[in-house]
Amino acid sequence: MLVFLLTNQARQRLPDISYDIEGELKQAEWTFVRFSAPWCAFSQIAEPEWRKLYTHYGKNVRFVEVNCNSIGQECRDTWDVKGYPAFKLYKNGKFNALFRPTYPRKLDIFTEWLNRQLIVKEE
1 MLVFLLTNQA RQRLPDISYD IEGELKQAEW TFVRFSAPWC AFSQIAEPEW RKLYTHYGKN
61 VRFVEVNCNS IGQECRDTWD VKGYPAFKLY KNGKFNALFR PTYPRKLDIF TEWLNRQLIV
121 KEE
């Protein structure tokens, strides 16, 4: 039963906040954003690990997506996205940290980084 619930949660579509990024970032203390484009192979490769991370932290950190295809230049000009996928952590609506993963983008790499951010920033 637990396996089913975790699998089902991992399959759920994460909220796409492209329509109101600034407003949506204020909805939770911690928000982890994946800026991506549907056509980007690197975004597609990172997707399974990103969803596993959501399954692990989903109650303490809000996980959301921004489809840079739908907002065009705003991704680069307003949100300083230089490539896809870009992973950014926000606290109370303010930029907190940029995750620059190494390859391959595996769950343990995401987890180690996010744990450090949450612990360091909470103190």
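The UniProt record's numbering applies: residue 1 is where the sequence shown begins, and numbers increase by one. Glycine included, C-beta positions come from ideal geometry on N, C-alpha and C.
Span of the beta strand (DSSP E), counted from its first residue to its last, around residue 97: 94-99
Within 10 angstroms of its Cβ, does residue 31 collect 16 or more other Cβ (buried), or is it exposed? buried
First through last residue of the alpha helix (DSSP H) which encompasses residue 52: 41-57
So what's residue 30 in DSSP terms, helix, strand or just coil? strand
Return yes when the Cβ of residue 34 is within less than 9 Å of the Cβ of residue 64, no when it is not. Against a cut-off of 9 Å, the Cβ pair of residue 34 and residue 64 comes out as a contact.
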